[in-house]
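K.L.:
Dumping the structure here so I can ask a few things about it.
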């Protein structure tokens, strides 16, 4: 891909020219006023994240936003009149932002958006990609951005829409220490724990390792409780044993998939809310993709991905929290 | 079983005779003196368990012991002269014990010993099988014993030789509430937590469900740390993220398989001591056997069993703690 | 087993006596007349097998039959008046048969029947167990029988009820060469291919190895066709490619799980008939049990077992041919 | 990504101009002389394929070749002086070829080469990508090429270097029927079976479905023979049973992984030659990637990939035929 980039640079004279004029405009502008933040992708996660960012930077920064759905962008700007305004395009944000946040659904969207904006990035700009995507795409996009002289960190989040709204997300940041430090004060407006994990891609790596572990544990716990049920064990008793013994995990003591054991988790609310089984299926796919690329055998990770793909396709489970995997298993156990 | 059958045939008449006279002797005897406990199987676990039992019941009970290795039984009796004496055979213990404990390596040994002693059991005797065996054999043996009018609970333990010596084992008891209550004061001499799990076999069920969960978690954690390593993540950082997030488990916060993360676990001592990988492989086999018998699909449990069978056969891993599975995986990751 | 034990105890003396007198009667009888065959278990497979045996040995042998359902045994005897008669019990057959066939559903039934009859076996009798059971039980039962001075081979079949009726079964025989030779002329009345596989238990071993391979292949083929479908491949074209290439197997060229590819297989008849998915689930369980006992890792065998257990429990699949696993997978693929 | 292309078009005026002049040159040239074929990638597979193409089209076409290793390209041209000549770059081939073949190691190489040449492609050119890559990349590249008005089919091969040299490869072609027909006469110079599978990407789909099936089968067969060995079965006998029964597959009757069963396969030559285990691991990774993208659960395909990744990393197995998985398993079985 790097081979391709110089040519894009070479053949991009006109767009470079416009980039420079844009940069010029921008520099003039920002010397006169506040520095500019950009936010591309105002979905279920992106919207509340950008809202916290706008709220806490209104005095110090202006914020340009863009979403493939123009109405959403307009609604956001209307809700944050002090600092936010809608940009005509993602490219237009790239040409003006000092720090640019992206929050997109999957690797292919990041690939498309960054291929679109990379030519326009200001040479001193920092990109912060909060999307959860595969490590290979994250590192490839980092190469494109750095080839243009700009900076980038991957900063995927954990915590879900609740934490996004509360501003209590956990960020796992991959990039240079300097770039992570530049991003930190902004990330702290949206989250609580900020981990610098290492080079570009390691933010994504940390997230998929945690979510793979979570995904494996939840399937394992569901198997243990289903087997226990079929052997005549009361789930409450089994859970008491697991939690005072070596079978304890976050999935048993905090987010138990058996209805009624933990009061306020999705399992006790018909598996509503929480972390969708389709999202878990996607994250498990990112883990197995990273494992294929690094020739890392992950027997349980790969097996768990297949389970989530199946459960995510079951009509009784679609759209439910990933702990619904227990319901899917326990139902089959019934004779 | 082979050994058992001819004896059953050959000694059918005479042993019945002696059974009655023994019973007679026994009843006379116990009316005159202390009630009798029996303990069959003085192995690595059985010996320290029986020692605690002897120590705390010396004033109230006499203890008859038997082991296939006569020297071990003699050594035990010599060490507990106040209360313990060696019985000429397992059958002889059956004919005199009010409460009879068995601690044997596997289902086939229990099948053979109980086939041998069942005819001789006193009609008011209680058998307490502390062996970890398959649920099917446990429930079949319970039928034999009850068919003779005697009582039985399965009471497998967790905690290992350390807890056996310290008298801090956890017992998972399967049987009637009344029989579990009869066993409890004796189990409290050898352990700390006593869980009554339900009908006969549920003690074994609880143990294999916990150990299956543990076995799955440890393989999953090993995969997560190996994948993380291959993606450039420092294990200490990844562990910090897992433990403050949804990937937390007993295997990450207490018994981490990565050397140096938890100071006093086997992983930090070249995987010495702990719970042998061959024993974990055996327990995973009990889980998959119970799953086959109850038609319970356990995708991860079955996959993890295959991993432990492989690791247990590797010359660098033989005899080590089951967390050595991480070392086995991480080594393969190395390019 | 429960039923067996009291009887063994209660009837020990008298039955020994009657065993001898029975043996005496029997020896006198058989010197005077035809040698005696026995057949225990007249189920879906056993009935047509015994029928072929009766048909082809009417001139040379008398046949004693027993089934837990007395009406079935009576119906059989009525259908073969020349040679067959009903025995009052399995034990009564043991006391008189020169060659004794058993065809039972599972290991626990074999364990119970052989525990019941073993004391009564004539010292020169040959037992031929045609049941498909776990290797451990087969070898244990062989020990019991040999301890009584009688002979035994395990001789599980493949081919299903069609081949049982046609007398074209395949027998996989485990035992001494001499005992296999003694069994051969009788097995040839019921089957076409007779393989002597080695020592006791190897007949069962050969069958489970073949069926495990079959079970893995069918799941794999179902995955390949489901993935192909989801990637836009016509099943007929994919099958043409597989069959002219390295993906070919009995499951692709002879017993294809995709409806309409092979005209007369269950897949083309709504998965009716054939080899029930519950039976495949059972056989996969025998394979994983043998693998646990020999510490043999079988990653795919174990994974396939879990799939069959799940499919066997699905209401749309219950009672159908095991190739219905494709239907179960393809349905989930549908968006 | 499509979003990106118009910009590349817009900003590529100069290169377009040169493309046209090149096209002009080319058209003039080809009206005066033979049409031009191009071949990019002269590796272990590409070199003998291009050699067959050159040999059989010497009278009718000129051939331009390129390889990242200039010496290889020069050696090829020297070996085919009648028709072949070396192009200064991949881009230069694109600007002149009527039909352009690419044979590259993996998706990232295809992505890079096509990103490089796509601007230069003649509007009536047909690209034939013989590389084995992931379906997603194949379909994305097809979009780029079609956006430039050129044509493309994916045409991955099966058969290995032997078939490449002999000109007996199997091609699985994905693209329009018209484009497949245009490619056919050239593919017939290099192969024996040409399958048109459907739209762009289905050639890759067909190949990975076949290879996934093959990969699953080989692991399954290795498990069956290892379990058989551990249960006391002679491999030759087990193979005889499998091949006359339902366990038969290409892996048992043609390419058996047990040394000595099939005379001329890698397994009988210390696993030398054949299809490298690392290549099988890669192809299994393509299958699991396609399965993740289509949300298709492939329990066995995913499990088999993990096995190959492990085996490919074992020092005794590196560089050997993928059937070495049997050796890896059987060794562990040994006590």
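Chains as they are written, first to last, in full-length UniProt numbering: chain W, 1 to 335; chain F, 1 to 335; chain Y, 1 to 335; chain S, 1 to 335. Virtual Cβ for every residue (Gly too), placed ideally from N, Cα, C. These numbers come from a predicted model, not from an experiment.
1. I'd like the span of the beta strand (DSSP E) that includes residue 64/F, first residue to last.
2. So which residues of chain F does residue 310/S contact, with C-beta pairs closer than 8 Å?
3. Leaving out the 5 sequence neighbours to the left and right, which residues in its chain are closer than 8 Å to residue 28/Y when beta-carbon positions are compared?
4. For a contact meaning CB atoms closer than 9 Å, what does residue 55/Y contact in chain S?
5. Hey, which unbroken runs of the beta strand (DSSP E) at 3 residues or more fall wholly within the segment 111-166 of chain F?
6. For residue 63/F versus residue 100/F, is the C-beta spacing smaller than 8 Å?
7. Is it right to say residue 185/W is buried, meaning 16 or more other beta carbons lie within 10 angstroms of its own, or is it exposed?
8. Which full runs of the alpha helix (DSSP H) of 4+ residues lie inside the segment 77-110 of chain F, going along the chain?
9. Just to confirm, does residue 299/F get its C-beta within under 7 Å of one of the non-hydrogen atoms of the ligand COA?
10. Below 8 Å on the Cβ atoms is my contact criterion, and I expect residue 308/S with residue 281/S to pass it. Report the Cβ-Cβ distance as a whole number of Å.
11. Taking its Cβ as the centre, do 16 or more other Cβ atoms sit within 10 Å of residue 235/W, making it buried, or is it exposed?
12. Quick check: is the beta carbon of residue 305/Y nearer than 8 Å to any beta carbon in chain F?
13. Going by DSSP, name the residue or residues bridged to residue 194/S.
14. For residue 138/S, count neighbouring C-beta atoms within 10 Å of its own C-beta (all shown protein chains included) and say buried if the count is 16 or more, exposed if not.
15. Less than 8 Å between the beta carbons of residue 192/W and residue 170/W, yes or no?
16. Anything in chain W within Cβ reach of residue 175/F, meaning under 8 Å, just list it in chain order.
17. Please list the partners that residue 140/Y has in chain S, where partner means a Cβ-to-Cβ separation under 7 Å.
18. For residue 238/W, which residues from the same chain have a beta carbon less than 6 Å from its beta carbon, with the 5 sequence-adjacent residues on both sides left out?
19. Using a Cβ cut-off of 8 Å (strictly closer), state whether residue 204/F contacts chain Y.
20. What do you reckon, are the CB atoms on residue 172/Y and residue 131/Y nearer than 8 Å?
21. CB-CB under 8 Å to residue 85/S, same chain, minus the five flanking residues each way: which ones, in chain order?
22. Name, going along the chain, the residues of the segment 270-292 of chain F whose beta-carbon falls closer than 9 Å to a beta-carbon of chain Y.
23. Run down chain Y in chain order and give the residues with a C-beta less than 7 Å from the C-beta of residue 313/W.
24. For residue 195/W, which residues of its own chain have a beta-carbon under 6 Å away from its beta-carbon, when the five flanking residues on both sides are left out?
25. State the start and end residues of the unbroken beta strand (DSSP E) segment that holds residue 40/W.
26. What residues of chain S sit near residue 298/W, judged by a beta carbon separation below 7 Å?
27. To the nearest angstrom, how far is the alpha carbon of residue 43/Y from that of residue 208/W?
28. Starting from the beta carbon of residue 59/F, find every residue of chain Y whose beta carbon is closer than 8 Å, and list them in chain order.
29. Three-state secondary structure (DSSP) at residue 270/Y?
30. By Cβ distance, which residues of its chain are closer than 7 Å to residue 93/F, with the 5 residues on each side in sequence left out?
31. Quick check on DSSP: helix, strand or coil for residue 323/W?
32. According to DSSP, residue 249/Y sits in a beta bridge with which residue or residues?
33. Residue 52/S touches chain Y at which residues, Cβ-Cβ below 9 Å?
34. For residue 247/F and chain W, any beta-carbon pair shorter than 8 Å?
35. Of all the CB atoms in chain F, is at least one closer than 8 Å to the CB of residue 240/Y?
36. For a contact meaning CB atoms closer than 7 Å, what does residue 210/S contact in chain Y?
P.N.:
Working from what's here:
1. Annotation for residue 64/F: the continuous beta strand (DSSP E) segment containing it runs 62-66.
2. The answer, in chain order, is 332.
3. The predicted model places residue 28/Y with a pLDDT of 39, which falls under 50 and marks its position as unreliable; any figure quoted below should be read in that light. Nothing meets the Cβ criterion.
4. What residue 55/Y touches in chain S: nothing, since even the nearest Cβ is about 26 Å away.
5. 126-129 and 151-154
6. no
7. exposed
8. Those alpha helix (DSSP H) runs which fall completely within the segment 77-110 of chain F and span 4+ residues are 90-94.
9. For the ligand COA, the structure offers nothing, since it holds no ligand at all.
10. 4 Å
11. Label assigned to residue 235/W: buried.
12. yes
13. 171/S
14. buried
15. yes
16. Going along chain W, no residue has its Cβ under 8 Å from residue 175/F, so there is no contact; the nearest lies around 12 Å.
17. Within chain S, no residue comes near residue 140/Y; the closest Cβ sits about 15 Å away, beyond 7 Å.
18. Correct list, in chain order: 228.
19. no
20. no
21. Excluding five sequence positions before and after residue 85/S, the CB atoms of its chain that fall closer than 8 Å to its own CB belong to 62, 63, 64, 65 and 77, given in chain order.
22. 278, 281, 282, 284, 285, 286, 288, 289, 291 and 292
23. 332
24. 172
25. 36-40
26. Near residue 298/W (Cβ distances below 7 Å), the residues of chain S are 306.
27. 53 Å
28. Simply none; closest approach about 38 Å.
29. coil
30. 38, 40, 64, 66, 87 and 100
31. coil
32. 249/S
33. Ordered by position in chain Y, no residue passes the 9 Å Cβ test against residue 52/S, which lies about 20 Å from the chain.
34. Yes - at least one Cβ of chain W is within 8 Å of the one on residue 247/F.
35. no
36. Around residue 210/S, the beta-carbon contacts reaching into chain Y at under 7 Å are 241, 242, 245, 246 and 247.
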